[in-house]
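What follows is one structure encoded as structure tokens, with my remarks underneath.
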Amino acid sequence: MAIIFHQQTKEFHLFNNELSYIIEIMDNGQLGNLYYGKKIHDRDSFQHLHEEQKRSMGASHTESSPLLFLEYTKQEYPSYGTGDFRYPAFEIKQENGSRISHFTYVSHTIYSGKKKIEPLPAVYVESEEEADTLEIELYDDMMQTRLILTYTLFTNSPVLTRHAKFVHEGNTEICLTSALSASVDLVDMDYEMVHLSGAWSRERYVKTRKLEHGVQSVHSMRGASSLEHNPFLALKRPETTEFDGEVLGFSLVYSGSFLAQVEVSTHDLTRVSMGIHPNNFEWTLNQGETFQTPELVMVYSNQGLNGMSQTYHQLYRTRLARGYWRDRERPVLLNNWEATYMDFNEDKIITIAKKAKEVGVELFVLDDGWFGTRNDDTQGLGDWFVNTDKLPNGIRGLSEKVEELGMKFGLWIEPEMANKNSDLYRAHPDWLISTPNRLDSFSRTQHVLDYSRKEVVDYIHEMVSKVIRESKISYIKWDMNRYITECYSHGASADEQGKVMHRYILGVYDLYTRLINEFPEILFESCSSGGGRFDPGMLYFAPQTWTSDDSDAIERLKIQYGTSMVYPISSIGAHVSAVPNHQIKRMTPLKTRGNVAYFGAFGYELDLNTLTDEEIEIVREQIAYVKENRKLIHQGRFYRLLSPFENQETAWMVVSLDQSQAIAAYYQSLNYVNASWLRFKLKGLDPNKKYKVTNEYISHEAYGDELMEIGIVIRRKWLNLEGGDFGSLIFNITEKSD
Ligand code: DGJ
Numbered sequence: 067m068a069i070i071f072h073q074q075t076k077e078f079h080l081f082n083n084e085l086s087y088i089i090e091i092m093d094n095g096q097l098g099n100l101y102y103g104k105k106i107h108d109r110d111s112f113q114h115l116h117e118e119q120k121r122s123m124g125a126s127h128t129e130s131s132p133l134l135f136l137e138y139t140k141q142e143y144p145s146y147g148t149g150d151f152r153y154p155a156f157e158i159k160q161e162n163g164s165r166i167s168h169f170t171y172v173s174h175t176i177y178s179g180k181k182k183i184e185p186l187p188a189v190y191v192e193s194e195e196e197a198d199t200l201e202i203e204l205y206d207d208m209m210q211t212r213l214i215l216t217y218t219l220f221t222n223s224p225v226l227t228r229h230a231k232f233v234h235e236g237n238t239e240i241c242l243t244s245a246l247s248a249s250v251d252l253v254d255m256d257y258e259m260v261h262l263s264g265a266w267s268r269e270r271y272v273k274t275r276k277l278e279h280g281v282q283s284v285h286s287m288r289g290a291s292s293l294e295h296n297p298f299l300a301l302k303r304p305e306t307t308e309f310d311g312e313v314l315g316f317s318l319v320y321s322g323s324f325l326a327q328v329e330v331s332t333h334d335l336t337r338v339s340m341g342i343h344p345n346n347f348e349w350t351l352n353q354g355e356t357f358q359t360p361e362l363v364m365v366y367s368n369q370g371l372n373g374m375s376q377t378y379h380q381l382y383r384t385r386l387a388r389g390y391w392r393d394r395e396r397p398v399l400l401n402n403w404e405a406t407y408m409d410f411n412e413d414k415i416i417t418i419a420k421k422a423k424e425v426g427v428e429l430f431v432l433d434d435g436w437f438g439t440r441n442d443d444t445q446g447l448g449d450w451f452v453n454t455d456k457l458p459n460g461i462r463g464l465s466e467k468v469e470e471l472g473m474k475f476g477l478w479i480e481p482e483m484a485n486k487n488s489d490l491y492r493a494h495p496d497w498l499i500s501t502p503n504r505l506d507s508f509s510r511t512q513h514v515l516d517y518s519r520k521e522v523v524d525y526i527h528e529m530v531s532k533v534i535r536e537s538k539i540s541y542i543k544w545d546m547n548r549y550i551t552e553c554y555s556h557g558a559s560a561d562e563q564g565k566v567m568h569r570y571i572l573g574v575y576d577l578y579t580r581l582i583n584e585f586p587e588i589l590f591e592s593c594s595s596g597g598g599r600f601d602p603g604m605l606y607f608a609p610q611t612w613t614s615d616d617s618d619a620i621e622r623l624k625i626q627y628g629t630s631m632v633y634p635i636s637s638i639g640a641h642v643s644a645v646p647n648h649q650i651k652r653m654t655p656l657k658t659r660g661n662v663a664y665f666g667a668f669g670y671e672l673d674l675n676t677l678t679d680e681e682i683e684i685v686r687e688q689i690a691y692v693k694e695n696r697k698l699i700h701q702g703r704f705y706r707l708l709s710p711f712e713n714q715e716t717a718w719m720v721v722s723l724d725q726s727q728a729i730a731a732y733y734q735s736l737n738y739v740n741a742s743w744l745r746f747k748l749k750g751l752d753p754n755k756k757y758k759v760t761n762e763y764i765s766h767e768a769y770g771d772e773l774m775e776i777g778i779v780i781r782r783k784w785l786n787l788e789g790g791d792f793g794s795l796i797f798n799i800t801e802k803s804d
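Just so we're aligned, residue 67 is where the sequence shown starts under my numbering, counting upward by one.
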């Protein structure tokens with residue numbers, strides 16, 4: 067058991083081979099933190115780590131320890147107003163208007179395994195040996211409310227998960243005005259904060275900033291985790307690199323509005339707080355009611371950012387993603403969006419599909435424009451019945467034809483939205499999220515359906531599952547193309563409006579759950595104007611996500627590099643598209659477009675009939691290459707080698723878990739003239755194994771140590787042959803048995 071309670075000193079030590087996390091029950095009954103970091107030996111007492119000191123203006127909340135000033139104390143789930151003036155983990159408004167609370171330790175349980183928190187998504191275990199869990203129960207006598215803090219420590223990886231639950235037992239109503247998932251206090255501020263930020267078509271750029279006194283945060287108040295900020299942050303030491311040094315990762319398993327905040331006190335204590343964004347959040351609890359927060363997944367690494375990412379990849383690919391497709395090889399798909407947009411009919415689609423089949427595509431996906439009066443983006447959303455002008459044989463007829471060609475068929479839906487120009491809106495105008503007597507903001511002329519209402523989810527469920535039932539559908543791309551504005555539910559009372567944002571996301575999870583239960587073999591790909599909801603919550607339901615609407619290979623280097631900070635390669639939807647690229651008008655070599663998309667859930671986003679014979683040959687080779695290597699790429703260990711945020715070069719590689727095989731990719735953005743020699747150093751190989759390194763230019767042998775210490779000698783002329791600007795090289799590395 068990796069969780070020990072030291073009765074005498076009232077300390078919990080959670081540890082595995084890599085990390086230690088020490089909690090104490092303080093003199094005032096609240097929970098303090100004594101340490102979070104690299105694994106240390108267990109001992110009976112860590113009390114000397116608890117620091118108290120007389121400080122002017124300090125306020126103590128207990129007579130027995132007059133120097134226990136909460137403001138200077140590291141805590142587990144702090145409240146505001148009893149001496150701690152930093153941002154709290156939660157706040158509860160009580161009947162008399164007070165917001166002061168005092169939760170003290172009552173009991174705890176330690177058990178093997180990990181419990182689910184459904185309907186919320188969370189990481190899971192497959193056997194009890196994989197993790198141990200500590201539940202600590204605290205109680206506030208005045209409110210008569212229980213608070214249960216849950217910690218799960220994975221046995222064989224540096225992963226600690228946390229969430230909180232409030233159980234109200236008192237007979238007067240209370241209102242949670244903030245209930246974050248966790249708060250983590252650290253003893254110094256010598257960190258840099260790494261986060262993933264951007265906007266439409268440039269999602270998840272890696273940003274790094276030094277911590278300063280005060281608050282630094284990223285957040286979403288958009289009703290979705292968002293294109294702008296990802297529900298993730300890491301704290302790394304200034305000297306930490308991709309491969310060395312300490313990193314603390316924090317990733318929230320949630321798809322709605324969130325806050326990820328770091329507050330540094332002027333005594334240099336660092337507080338990380340993460341959870342549902344308190345703005346627009348008010349959760350009333352009556353007697354017997356409970357509130358469960360989403361889960362925070364903390365990863366400890368002393369092997370730099372790559373070490374952290376590899377832990378997240380392994381965990382999220384195998385213990386967050388679920389179901390039929392979790393470990394299966396993902397089909398090579400072709401999506402018609404950039405090929406036709408909404409301008410298609412059955413003949414056009416079949417012509418595109420036939421060519422796709424010819425070169426080896428396994429799944430054809432029909433994107434937006436197939437339903438209602440959806441000829442442009444001003445109408446039809448919400449009417450999930452086929453447009454027979456475009457598709458006279460319906461989705462059923464089309465899907466059968468595609469299957470007859472020898473491919474699977476996939477379909478795009480955007481089930482959370484409606485256009486006002488739709489039968490759905492005309493029949494149920496109160497089903498949109500909108501504030502009475504106020505203007506509904508416009509965004510792509512569409513509006514958000516009120517998924518906080520069960521009847522709305524029921525209705526959409528019925529419509530969508532009918533389409534799936536009646537046709538041959540193997541894949542669903544679930545899109546979501548606008549944020550929530552004028553947040554208000556016409557189905558909720560005035561005092562329940564603060565629940566709408568969270569209930570909305572629970573409604574989304576509910577529809578996913580129903581569809582997955584009904585159609586367990588369907589592969590879901592989540593999407594939100596590209597990567598607007600690329601978050602761990604979605605990964606629980608959909609094992610892959612359309613990463614970005616920017617399909618340009620060179621733009622994708624940054625996007626995929628940033629996304630790989632947390633998310634496994636198998637989840638990163640990546641397609642080869644046409645040139646000039648539709649988003650940025652750039653011309654890139656077809657081979658480079660493939661070489662970038664290989665490191666994701668691979669597909670095409672163009673009409674292959676427009677390519678030359680020579681290009682079609684390249685496409686054939688690309689598809690054959692993916693089929694041969696997708697298992698290695700998706701299930702191997704991924705290493706970021708050179709950052710596109712620093713130079714004109716990007717490189718990454720993947721190594722099989724047994725270190726017998728690897729693929730390394732080197733990409734050049736702009737070319738250099740008369741440049742220096744180029745050595746491309748690899749990682750993750752076995753130094754003592756002999757490998758064969760091959761591509762179209764080389765074929766030689768080398769030990770792993772040579773490939774990692776000296777690297778592969780790259781001739782600039784190869785890059786010129788690959789196009790110069792935007793050229794790229796793939797190296798196949800296979801263990802050579804003597
Ligand atoms: C946004 C998505 O990201 C695109 O791939 C495409 O599906 C469009 N929506 C369709 O409206």
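All residues carry an ideal CB built from backbone N, CA and C; glycine is no exception. Just so it is clear, the structure is predicted and the values come from calculations on it, not from any experiment.
- Sixteen is the threshold: since fewer than 16 other Cβ atoms of the shown chains lie within 10 Å of the Cβ of residue 653, the residue is exposed.
- A buried status is given to residue 260, since no fewer than 16 other beta-carbon atoms sit within 10 Å of its beta-carbon.
- Fully contained in the segment 164-206 is no alpha helix (DSSP H) run of length 4 or more.
- Counted as a single uninterrupted DSSP element, the alpha helix (DSSP H) harbouring residue 622 occupies residues 619-629.
- Counting along the chain, residue 250 sits inside the beta strand (DSSP E) bounded by residues 240-252.
- Looking at the backbone, the Cα of residue 779 and that of residue 574 are separated by about 50 Å.
- In the three-state scheme derived from DSSP, where H, G and I count as helix and E and B as strand, residue 544 is classed as strand.
- Remark: the shortest separation between the CB of residue 450 and any heavy atom of the ligand DGJ does not fall under 6 Å.
- Closer than 6 Å to some heavy atom of the ligand DGJ: that describes the Cβ of residue 596.
- Burial is judged here by how many other beta carbons sit within 10 angstroms of a residue's own beta carbon; residue 610 has at least 16 and is buried.
- Restricting attention to 688, 635, 248 and 775, the CA atom closest to the CA of residue 393 is found in 635.
- Spatial neighbours of residue 92 in its own chain (CB-CB distance under 6 Å, excluding positions within 5 residues in sequence) are listed in chain order as 98.
- The secondary-structure analysis by DSSP pairs residue 79 across a beta bridge with 70 and 88.
- The Cβ atoms of residue 203 and residue 173 sit closer than 7 Å to each other.
- Per the coordinates, the alpha-carbon of residue 232 lies some 12 Å from the alpha-carbon of residue 244.
- In the assembly as shown, residue 151 is an exposed residue. Its beta-carbon has fewer than 16 other beta-carbons within 10 Å.
- Each residue's CA atom was taken as its position, placing residue 479 and residue 614 some 17 Å apart.
- The segment 625-644 makes contact with the segment 267-282; the number of CB pairs closer than 8 Å reaches 3 or more.
- Nearest Cα to residue 301 within the set 308, 314, 292 and 307: 314.
- Beta bridge pairing from DSSP links residue 749 with no other residue.
- With a cutoff of 7 Å on beta-carbon distance, residue 770 and residue 745 are scored as not near each other.
- When only Cα atoms are considered, residue 697 and residue 619 end up about 22 Å apart.
- Following the DSSP letters along the chain, one finds residue 568 inside the alpha helix (DSSP H) bounded by residues 566-584.
- Pairing residue 274 with residue 709, the inter-Cα distance amounts to about 13 Å.
- If you ignore the 5 residues before and after residue 176, its C-beta comes within less than 6 Å of the C-beta of 69 and 200, all in its own chain and listed in chain order.
- Contact between residue 71 and residue 105 is ruled out by a C-beta separation of about 18 Å, above the 8 Å threshold.
- Within the DSSP secondary-structure output, residue 689 pairs in no beta bridge.
- When secondary structure is reduced to three states using DSSP, residue 485 falls in the strand class.
- Contact between the segment 400-408 and the segment 662-675 is present, with at least three C-beta pairs closer than 8 Å.
- Check the Cα spacing between residue 581 and each of 399, 699, 542 and 559: the tightest is with 542.
- For residue 606, the enclosing alpha helix (DSSP H) starts and ends at 602-607.
- DSSP places residue 527 inside the alpha helix (DSSP H), whose first and last residues are 520-536.
- In the three-state scheme derived from DSSP, where H, G and I count as helix and E and B as strand, residue 588 is classed as coil.
- About 20 Å separates the Cβ atoms of residue 291 and residue 155, ruling out a contact at the 8 Å cut-off.
- With a cutoff of 6 Å, residue 349 does not count as near the ligand DGJ, since its C-beta is closer than that to no heavy atom of the ligand.
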